[in-house]
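Working notes, beginning with the structure itself.
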Amino acid sequence: MVIALSFGDEKMGAEKILVELDSSASARDFAALLPLEVEVSDYVGKEKIFSLPKRLKTGANDGAGYDPQIGDLFYFSPWGNVGIFYEKQPPYNGLIRLGILKDSKNALAKLKAKKQNFVIKIEAVK
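The numbering used here numbers the first residue of the sequence shown as 1143 and each following residue consecutively.
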């Protein structure tokens, strides 16, 4: 499944980033919540994060041995939040990859450039 993350001024042309979701239980549960509108903030200068209206279901193998990569959409199960890595992070228990940004170099530059909190609309792409 492919989803779109849209942000920015619609009058000036909103930015749209496509994400290809994984087939994990957590990714399927995330997709079931769509469409969403969430406030995104920066975390430790390495990722953009946001909260969900509910915690995601996790499967037995979700996150097992996961080595996070730049451009990953992830779920951090201990806190129940979702994020996008724009800098390298080490593996951490409870980290579950939900998907990967397409055209991630350009998309990540746009996300990283946002210094203040901002709103993202998330919806399935038909």
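Glycine included, every Cβ here is placed at the ideal spot set by N, Cα and C. Model, not experiment: these values are computed from the prediction.
Could you tell me the alpha carbon to alpha carbon distance between residue i and residue j, rounded to whole angstroms?
{"i": "N1259", "j": "I1191", "result": "10 Å"}
{"i": "D1184", "j": "A1156", "result": "19 Å"}
{"i": "E1179", "j": "V1261", "result": "7 Å"}
Output needed for residue i: all residues of its chain with C-beta closer than 7 Å, excluding positions within five of it in sequence on either side, in chain order.
{"i": "L1198", "result": "S1168, D1171, F1172 and Y1217"}
Can you give me the start and stop residues for the beta strand (DSSP E) that residue i sits inside?
{"i": "R1239", "result": "L1237 to L1243"}
{"i": "S1168", "result": "Note, S1168: premise wrong, no beta strand (DSSP E); alpha helix (DSSP H) at A1167 to A1174."}
{"i": "A1146", "result": "V1144 to F1149"}
{"i": "K1263", "result": "F1260 to A1266"}
{"i": "G1222", "result": "Counting along the chain, G1222 falls outside any beta strand (DSSP E), and DSSP gives it neither H nor E."}
For residue i and chain C, any beta-carbon pair shorter than 8 Å?
{"i": "K1263", "result": "Note that chain C does not occur in the displayed structure, where there is just one protein chain."}
For residue i, which residues of its own chain have a beta-carbon under 6 Å away from its beta-carbon, when the five flanking residues on both sides are left out?
{"i": "S1148", "result": "A1156, K1158 and K1263"}
Which whole runs of the beta strand (DSSP E) in the segment 1173 to 1205 are 3 residues long or more, in chain order?
-> 1178 to 1185 and 1189 to 1193
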